[in-house]
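Comments concern the structure below.
Residue numbers (UniProt numbering): 1 to 544.
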């Protein structure tokens with residue numbers, strides 16, 4: 001047996017490969033590959049007639065997989081990927097984090113937003129220990145509390161209602177001064193909805209007599225996740241140094257930015273309430289985003305977890321940071337809502353069965369096939385190999401809509417062909433990342449390229465004897481226009497496909513009532529492996 005850790009750059013293509021492998025193949029009934037397409041929904045009855053980039057792309061492979069009586073598909077069904085079916089509040093669209101968590105966990109994963117909402121519904125936000133401690137520190141210290149986060153009703157990273165309820169708690173605790181640092185959305189919401197959300201916040205602060213707007217800045221800067229530290233710094237110079245456009249009426253200023261062609265996501269810093277609104281020595285900060293990936297960088301710097309990317313920035317001293325949820329396992333901040341534990345997610349369970357697995361994605365979605373797919377924990381399981389293919393370095397992906405889909409397919413096919421892995425999975429990013437730009441023609445190209453990449457993987461699975469499963473984490477590219485014919489950049493409430501191809505004869509899939517949490521149990525059933533009791537999803541496999 002050859003045991004060991006292998007690290008580093010694999011081959012000449014620059015892809016990063018990390019794995020801990022024991023080359024002793026597990027006994028499985030069938031080897032399997034799982035493709036997760038990001039942002040590939042199935043248009044519903046209420047979907048607009050125009051703007052379906054998937055329908056208007058050249059997608060012969062996905063068309064054939066979905067066709068009744070297909071010669072290459074053993075099973076096709078559609079899965080719920082939003083709302084309560086994936087642990088989100090009713091009516092809330094799915095997202096990449098939630099989708100990969102549910103797919104990887106093999107169960108409905110109740111999201112932090114639902115836990116927070118339930119706490120608010122019970123009137124118990126004022127009983128959450130670390131919220132009370134944070135606000136009490138502000139009250140008993142210098143009297144200054146800062147609330148920082150994405151302000152919208154998109155519900156992907158945060159929710160405006162949580163901000164309003166936090167203001168209520170601050171009022172109850174008796175915090176003298178509360179400053180709000182408003183991160184513009186425009187990606188999970190309408191690109192010009194921020195002015196309305198700003199008015200809502202201002203109206204509420206006036207109603208309760210507490211809270212002032214301090215900074216407005218788009219998520220493009222404040223919520224970068226690709227180590228574009230210059231963007232994060234631009235947000236910080238507004239928050240700390242007050243560099244930006246001064247305004248006494250942020251609603252008016254945001255609307256003026258719209259007229260100049262700027263949208264919520266890309267709002268450059270707007271400074272309100274001058275020096276008083278800046279974060280200063282001894283201040284208390286509370287970040288209210290509940291999704292982790294896009295606030296890691298800014299909290300890493302502000303919270304002094306690792307300031308090496310910007311060591312010379314003039315950070316105030318003795319700041320105290322609390323976060324709504326855990327943004328990274330090695331961050332030491334107090335948490336309002338500590339993470340739930342999830343035992344025996346698919347990757348962990350496969351490791352316990354001595355299965356060798358490989359996870360492949362490009363940079364933009366690498367966290368989703370590792371951290372999120374593995375249960376929202378920074379754990380690298382035994383016999384788990386990872387490949388990261390670099391994403392194109394462009395400002396927005398409509399500039400290069402094919403992204404690295406074909407390179408991801410090539411790497412996945414290479415790993416399949418090696419024969420070392422009984423289970424492989426990957427993510428194809430273009431439909432979602434290009435869909436978010438709102439550029440319809442680019443999204444059509446993205447979907448066409450993704451279909452070509454899927455076809456390449458299918459052919460390799462057929463050659464190497466792997467059953468291929470295909471699903472998606474949520475919808476996006478199938479609805480690129482709103483009812484008013486304006487660009488739609490957000491996710492959708494639509495179902496997503498679930499395909500089983502190159503499966504043993506007599507295998508098919510149950511046609512109704514499936515959810516993303518049923519994918520892992522179905523994969524295990526085809527592989528001939530037991531399903532752990534913690535995995536409460538249902539196998540959709542039918543054997544005739």
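Yeah, the Cβ is synthetic: ideal placement off N, Cα and C, and Gly gets one too.
In this text the structure is predicted, and so the values were computed from the model without any measurement.
- Taking 3 residues as the minimum length, the beta strand (DSSP E) runs contained wholly in the stretch 384–445 are 384–389 and 423–428, in order along the chain.
- In terms of Cα proximity to residue 228, the closest of 58, 364, 342 and 349 is 364.
- Around residue 427, the same chain offers 36, 38, 361, 365, 368 and 369 as residues with beta carbons nearer than 7 Å, after the five sequence neighbours per side are excluded.
- Taken through DSSP and simplified to helix, strand or coil, residue 96 comes out as helix.
- By a beta-carbon distance limit of 8 Å, residue 479 contacts residue 51. Their separation comes to about 6 Å.
- With three or more CB-CB distances shorter than 8 Å, the stretch 332–340 counts as touching the stretch 123–141.
- In the three-state reduction of the DSSP assignment, residue 163 falls in the helix class, which pools H, G and I.
- When C-beta atoms of the stretch 431–444 are compared with those of the stretch 383–399, three or more pairs fall below 8 Å, so the two segments count as touching.
- In the three-state reduction of the DSSP assignment, residue 54 falls in the coil class, being assigned neither a helical nor a strand state.
- Annotated as distal: residue 181 and residue 151, with beta-carbon spacing of 7 Å or more.
- Restricted to the stretch 121–203, the alpha helix (DSSP H) segments that are unbroken, complete and at least 4 residues in length are 129–140 and 160–173, listed in chain order.
- Taking a cut-off of 8 Å for Cβ pairs, the stretch 200–217 and the stretch 283–302 do not touch, as fewer than three such pairs fall below it.
- By a beta-carbon distance limit of 8 Å, residue 508 contacts residue 544. Their separation comes to about 7 Å.
- For secondary structure counted as the beta strand (DSSP E) over 3 or more consecutive residues, the stretch 335–383 holds these complete runs in sequence order: 357–362.
- Under the 8 Å Cβ criterion, the stretch 252–265 counts as touching the stretch 179–194, having at least three qualifying pairs.
- The shortest C-alpha to C-alpha distance from residue 34 to any of 533, 473, 513 and 477 is the one to 473.
- Membership of residue 542 in the beta strand (DSSP E) is indicated by the continuous run 541–543.
- By the 16-neighbour rule on beta-carbons within 10 angstroms, residue 260 is exposed.
- Here residue 75 carries a strand assignment [DSSP, helix/strand/coil].
- Within the same chain, Cβ atoms closer than 6 Å to the Cβ of residue 539 are found at 521, 522 and 525, the five residues on either side in sequence being excluded.
- Fully contained in the stretch 249–323 are the following beta strand (DSSP E) runs of length 3 or more, in chain order: 284–287 and 320–323.
- Distance from the Cα of residue 453 is smallest, within the candidate group 343, 494 and 402, for 402.
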